[in-house]
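Asks: Read in the UniProt record's numbering, the sequence shown has 78 at position 78, and its numbers run on one by one without any break.
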Amino acid sequence: MYLLAIPDGRIRDESEEWKGSRRMVRHITDCVLLNNGVEMPWLGLGVYKAQEGKEVEQAVETALQVGYRSVDTAAFYHNETGVGHALKQSGIARDKLFVTTKVWNTDQGYEATLAAFDRSRKKLGLDYLDLYLIHWPVPGMFRDTWRALEKLYRDGWVRAIGVSNFQTHHLEELLATCEVPPAVNQVEFHPLLTQEELRAFCEREKIQLEAWSPLMRGNVVNQPVIVELAKKYGKTPAQLVLRWDLQHGVVTIPKSVTPSRIEENADIFDFEISPEDMARLDGLNQNHRFGQHPDHFKF
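1) Within the same chain, show all residues whose beta-carbon is closer than 8 Å to that of R289, passing over the 5 residues directly before and after it, in chain order.
2) Would you mind reading off the limits of the alpha helix (DSSP H) that contains E52?
3) Can you tell me whether R26 is buried or exposed, with buried defined as 16 or more other CB within 10 angstroms of its CB?
4) With a threshold of 6 Å on Cβ separation, who are the neighbours of residue 300 within its own chain once the five nearest residues in sequence on each side are excluded?
5) Beta carbon of residue 302, beta carbon of V251: below 8 Å?
6) Between which two residues does the beta strand (DSSP E) carrying Q208 extend?
7) Which of the three DSSP states, helix, strand or coil, is assigned to G125?
8) Quick one: is D282 buried, meaning 16 or more other Cβ sit within 10 Å of its Cβ, or exposed?
9) What separation, rounded to the nearest whole angstrom, lies between the Cα atoms of I28 and H248?
10) Roughly how many angstroms separate the alpha carbons of Q223 and L215, rounded to a whole number?
11) Are there three or more Cβ pairs, one per stretch, closer than 8 Å when the stretch 134 to 149 is compared with the stretch 164 to 177?
12) Could you compute how far the alpha carbon of A115 sits from the alpha carbon of E228?
13) The alpha helix (DSSP H) spanning E203 covers which residue range?
14) With C-beta atoms as the reference, is E52 less than 8 Å away from A86?
15) In whole angstroms, give me the CA-to-CA distance for R280 and I226.
16) I want to know whether the stretch 192 to 212 touches the stretch 231 to 238 - three or more CB-CB distances under 8 Å.
17) Helix, strand or coil for S256 per DSSP?
18) Give me, in chain order, the residues of the same chain whose beta-carbon lies closer than 8 Å to that of R217; leave out the 5 immediate sequence neighbours on both sides.
19) Can you tell me whether D245 is buried or exposed? The criterion is at least 16 other CB atoms within 10 Å of its CB, across all chains shown.
20) Can you give me the Cβ contacts of E263 inside the same chain, cut-off strictly under 8 Å, excluding the 5 residues immediately before and after it?
21) Over the uninterrupted beta strand (DSSP E) stretch that includes P41, give me the two end residues.
22) Which parts of the stretch 117 to 193 are runs of the beta strand (DSSP E), unbroken and 3 residues or longer, counting only runs that do not cross its ends?
23) Look at the Cβ atom of L131, then the Cβ atom of V60, and state whether they are nearer than 8 Å.
24) Please name the residue in L152, K123, G125, K49 whose C-alpha comes closest to that of I134.
25) Kindly give me the distance between the Cβ atoms of Y48 and K206, rounded to whole angstroms, as I take these residues to be in contact under 8 Å.
26) Based on the DSSP output, what are the partners of D72 in its beta bridges?
27) Considering only DSSP beta bridges, list what V251 is partnered with.
28) How about A266 and Y68: do their beta carbons lie closer than 8 Å?
29) Could you give the first and the last residue of the continuous beta strand (DSSP E) run that contains L33?
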């Protein structure tokens, strides 16, 4: 178990320390300071749809060799065992890794979540987790689920707790009753879905936004502005968009099982997108989702 000091649960006041932790990201090992003082890498490997066994193990192994130190999985991905095996085989010290998993919808509720966490932790083969998320805001259940996450946090089983796919109204409902505020909100985020209102809310509440599907399920190559600007900076469309994430202060976790792509996605720390080109990318927003809308998810 990881022993940690528990904050009083209130969100910090604005501080130069917190703001400074979110400035220009220069290296793959750079981290953002979460609202409870835990450091989280800006770049991680997502393993959604990576098959359990050899495929996910090789993906994680490659990422760690490249320099990634953050891996994002979930109970729903059915590959936690493979992720855990790769982490163990890497020989990298546990305190140098940042491991995230999530509780699935059918396991929500107070007691069920505690049991689900224990299963995930054992599959991963870890004594503690770095970040545990509610995967989706199941109506009528996510507040009880959050109480379970707060207990896991207080008991030292997880270093930070957060949510995924929460809209502003979900966060408002949670913040109205929670004792420990979410440290992270992981949502679909890319140039076609810039989530401006949600980003502004999370910024005010010191909740770190994290992007899933940052590469629009491969559709970055179908956007002329992205392709044009990628050529300008001597980068691939994927690299350009991942850099755009970081310059917006958004943690990003591109998924891939292809070694060359995993390495390519990490080569984003040697250039900076100009304010004018950031604005052009922002202007692509269409509020278009490639995944499901949290308010219309068929729970």
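For glycine and all other residues, C-beta sits at the position ideal for the given N, C-alpha and C.
Computed from a predicted model, the values in this text were never measured in an experiment.
Replies: Reading from the atomic positions:
1) E188, L193
2) From DSSP, E52 is part of no alpha helix (DSSP H); its letter is neither H nor E.
3) exposed
4) Lying outside 1 to 299, the shown extent of the chain, residue 300 is not represented and no answer is given.
5) Residue 302 cannot be examined here, being either before or after the span of the chain that is shown, 1 to 299.
6) 208 to 212
7) coil
8) exposed
9) 16 Å
10) 11 Å
11) yes
12) 49 Å
13) 196 to 205
14) no
15) 9 Å
16) no
17) coil
18) F290
19) buried
20) T62, V66
21) 39 to 41
22) 129 to 134, 158 to 164, 184 to 188
23) no
24) L152
25) The Cβ separation is near 27 Å, so there is no contact.
26) G46, T100
27) E210
28) yes
29) 31 to 33
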